[in-house]
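Structure record follows, encoded as structure tokens.
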Amino acid sequence: MGMTMTQKILAAHAGLEKVEAGQLIEANLDLVLGNDVTTPVAINEFEKINVKDVFDKSKVAIVPDHFTPNKDIKTAQLCKMVREFANEKEIENYFEVGQMGIEHGLIPEKGLVVPGDVAIGADSHTCTYGALGAFSTGIGSTDMAAGMATGKCWFKVPSAIKFVLTGKPTKWVSGKDIILHIIGMIGVDGALYKSMEFVGDGIQHLSMDDRFTIANMAIEAGGKNGIFIVDDKTLDYVKEHSTKEYTIYTPDEDAVYDEVYEIDLSTIRPTVAFPHLPDNTRTIDEVRDIKIDQVVIGSCTNGRLDDLRVAAKIFKGRKVAKGVRVIVFPVTQKTYLQALREGLIEIFIEAGIVVSTPTCGPCLGGHMGILADGERAVATTNRNFVGRMGHPGSEVYLASPAVAAASALTGKITNPEDIM
Amino acid sequence: MKNRGRVFKYGDNVDTDVIIPARYLNSPDPEELAKYCMRDIDEDFVNKVKSGDIIVGGYNFGCGSSREHAPIAIRATGVSCVIAKTFARIFYRNAINTGLPIMECPEAVDGIDNGDEVEVDFKTGEIFNITKNTKYQAQPFPKFMEEIILAEGLVNHIKKSI
Ligand code: SF4
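Protein sequences appear in the order of chains A and B.
If you're matching positions, the first sequence starts at 8 in our numbering and goes up one per residue.
If you're matching positions, the second sequence starts at 578 in our numbering and goes up one per residue.
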């Protein structure tokens with residue numbers, strides 16, 4: 008019986024020839040990540056463990072991104088605690104305001120995860136790096152503390168669902184539509200405890216940014232990780248961003264999957280997730296007259312260059328609808344700078360949009376664009392739970408940057424095909 | 578290890594944003610977090626909950642973010658145990674790592690109503706609905722996890738091996 012991609016990576020990191028679904032293993036870690044919300048809790052636990060240093064100063068990354076630049080005194084205190092810990096332990100990959108970005112945009116950009124790695128992060132969207140053919144998954148603060156102290160983490164080896172992607176997506180369909188379509192199909196617990204493995208020749212039509220978006224939302228289907236096979240695009244990305252050594256794993260021919268789905272990307276329509284769960288999806292053709300108050304384009308799901316470029320294409324020479332507030336937040340400083348150089352920021356500002364510094368901000372209802380009671384937002388983020396972006400009486404509709412931009416121009420949820 | 582309490586029952590997909598909304602994550606202090614626990618799904622919860630009470634949920638309890646603040650907040654309200662049909666995986670890890678007892682038992686969830694008096698035995702996995710006089714058996718934990726639970730969390734467990 009063969010192994011899946013994830014199983015092979017885990018076996019290699021546990022020093023085992025072979026692993027099977029359900030087996031409990033302890034794996035060596037290539038990266039342990041935390042942010043300003045989860046790291047303070049981890050620091051308290053780390054101190055209880057009674058070790059002086061972290062296991063490897065180059066393999067721990069801390070990114071204060073949720074409430075930064077600090078939104079109030081309490082969050083300033085949290086960030087101070089994190090900063091002091093990073094200094095004291097000489098953490099090499101600590102990214103201060105000015106160099107930082109949203110962690111899941113920043114980590115790949117800094118080349119800290121490469122194919123074949125095992126990465127854990129005290130943030131659920133750590134699954135994003137599966138786009139690079141790595142095993143990466145979200146854990147809690149105590150796991151982060153244990154990981155920093157020992158360089159190891161316990162895992163139950165997951166079984167897997169295979170998604171065979173074929174065909175080429177149509178013009179306004181992006182990674183976001185594909186993953187919303189999949190979550191709508193299998194449900195928010197459709198991949199509970201499992202790996203989601205993405206294979207098939209449709210993948211060649213997906214940019215790395217599309218793949219990051221898809222892997223990012225594996226957790227919204229309950230998945231332990233999402234992982235893509237490695238191809239030339241992956242390797243180009245890795246060579247551009249990293250000098251780390253990598254290993255390419257491919258699933259065995261006879262690997263066992265719980266389920267196999269074949270998805271023809273050319274049939275996927277722009278897709279929107281209605282409140283209050285990411286699996287409450289409809290295609291854009293089923294959406295009628297939903298008026299909106301705010302549009303948010305950004306986050307670790309859709310704040311990358313591809314996303315900003317698509318949005319700018321739609322906004323170019325146009326103005327946002329009266330009564331709609333639009334916020335764009337690029338995922339990292341580097342993305343921001345490149346968007347500036349390409350003239351995208353100018354397009355946004357001329358359209359009447361506010362461009363924020365990279366931060367999680369509105370995505371988790373932190374700051375920079377909180378919703379009031381009864382307000383509705385279209386967001387390119389990943390969660391639309393009750394109260395996620397502000398008042399429990401507000402509503403979040405999840406969509407692609409193209410749908411979000413088109414909606415900003417009309418004031419209601421809009422198909423980009425209708426205006427372009 | 579037996580415990581008895583009144584049940585607060587919720588549906589499927591109780592997410593970490595309603596267990597402890599992000600706007601209260603500016604403090605890692607358990608007592609502070611406990612004040613806002615379940616607020617966006619049940620405003621009255623924190624006023625009514627008593628030490629020993631039990632939360633019952635459906636499928637995918639604790640889905641969403643990795644915030645360990647969620648099991649910490651629940652535990653700090655005095656809740657003794659969460660029973661659900663299934664747990665989201667990060668919440669499951671976090672509960673075990675922070676010492677919040679959890680039990681997976683779909684039959685018990687179907688057979689327990691809001692407000693029922695329930696007794697749980699963490700050792701044997703038995704769930705006894707006193708109000709309805711019915712008994713259920715939860716899935717036992719794998720041995721490795723049981724060791725972490727017995728050590729009252731991952732940190733103590735690791736300390737022993739360092
Ligand atoms: S952008 Fe949103 S989903 Fe991503 S890490 Fe920040 S809060 Fe989490």
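For every residue, glycine included, the Cβ atom is placed at its ideal position computed from N, Cα and C.
The C-beta of Lys586(B) comes no closer than 8 Å to any C-beta of chain A. Proximity of chain B to Ala129(A) at the Cβ level (cut-off 9 Å) is accounted for by Ser643, Arg644, Glu645, in chain order.
If you look at Arg383(A), you'll find it in the beta strand (DSSP E) that goes 383-386. Within the stretch 150-162 of chain A, the residues whose Cβ lies closer than 8 Å to some Cβ of chain B are Asp150, Ala152, Ala153, Ala156, Thr157, Trp161, listed in chain order. Within its own chain, the residues whose Cβ lies closer than 6 Å to the Cβ of Gln301(A), once the five positions on either side in sequence are excluded, are Arg332, Ala384, listed in chain order. Collapsing the DSSP output to three states places Asp592(B) in a strand. For secondary structure counted as the alpha helix (DSSP H) over 4 or more consecutive residues, the stretch 313-375 of chain A holds these complete runs in sequence order: 340-348, 351-358.
The beta carbon of Asn603(B) sits closer than 8 Å to some beta carbon of chain A. From the listed residues Gly400(A), Glu54(A), Ala126(A), the smallest Cα separation to Leu38(A) is found for Ala126(A). Val206(A) places its beta carbon 8 Å or farther from that of Lys178(A). Each residue's CA atom was taken as its position, placing Ala49(A) and Asp150(A) some 8 Å apart.
Within the stretch 316-336 of chain A, no residue has its Cβ closer than 9 Å to any Cβ of chain B.
Classified as exposed, Ala379(A) has fewer than 16 neighbouring CB atoms from the shown chains inside 10 Å of its CB. Taking 9 Å as the cut-off between beta carbons, the residues of the stretch 724-736 of chain B near chain A are Ile725, Gly730, Leu731, Val732, Asn733, His734, Ile735, Lys736, in sequence order.
Boundaries for Leu40(A): no alpha helix (DSSP H) harbours it, while the beta strand (DSSP E) harbouring it runs 38-42, taken from the DSSP string. Rounded to the nearest angstrom, the gap between the Cα atoms of Ser414(A) and Ile420(A) is 5 Å.
For Ala167(A), the uninterrupted beta strand (DSSP E) segment begins and ends at 167-173.
Considering only beta carbons, no part of the stretch 684-702 of chain B lies closer than 8 Å to chain A. Phe638(B) is bridged by DSSP to Phe664(B). Only buried fits Lys183(A), as 16 or more other CB atoms lie within 10 angstroms of its CB.
Listed along the chain, the chain A residues whose CB falls inside 9 Å of the CB of Pro717(B) amount to none; the nearest CB is some 14 Å away.
Taking 7 Å as the cut-off, the C-beta of Ser306(A) counts as close to a heavy atom of the ligand SF4. Annotation: the continuous beta strand (DSSP E) that includes Ala68(A) extends over 67-70. Ranking Val180(A), Val361(A), Thr135(A) by CA distance to the CA of His111(A) puts Thr135(A) first. Three or more beta-carbon pairs separated by less than 8 Å are not found between the stretch 618-626 of chain B and the stretch 13-22 of chain A, which leaves the two stretches without contact. For Lys55(A), the closest Cβ of chain B is nearer than 8 Å. Between Gly154(A) and Leu31(A), the C-beta gap is not smaller than 8 Å, which leaves the two residues out of contact.
Shown in chain order are the members of the stretch 393-416 of chain A whose Cβ falls below 9 Å from a Cβ of chain B: Val393, Gly394, Arg395, Gly397, Pro399. Residues of chain B with a Cβ closer than 7 Å to the Cβ of Gly147(A) are, in chain order, Ser643, Glu645, Ile667, Arg670, Asn671, Asn674. Within the chosen limit of 7 Å, the ligand SF4 does not reach the beta carbon of Asn232(A) with any heavy atom. Under a criterion of Cβ atoms nearer than 7 Å, no residue of chain A is adjacent to Tyr613(B); the nearest Cβ is some 11 Å distant.
Not flagged as an interface residue toward chain A: Phe622(B), since no C-beta distance is shorter than 8 Å. Contact between the stretch 395-414 of chain A and the stretch 279-293 of chain A is present, with at least three C-beta pairs closer than 8 Å. Proximity of Cys658(B) to chain A, defined by a Cβ-Cβ separation below 8 Å, is not satisfied.
The secondary-structure analysis by DSSP pairs Val279(A) across a beta bridge with Arg289(A). By the rule that beta-carbons nearer than 8 Å mark a contact, Pro598(B) touches chain A.
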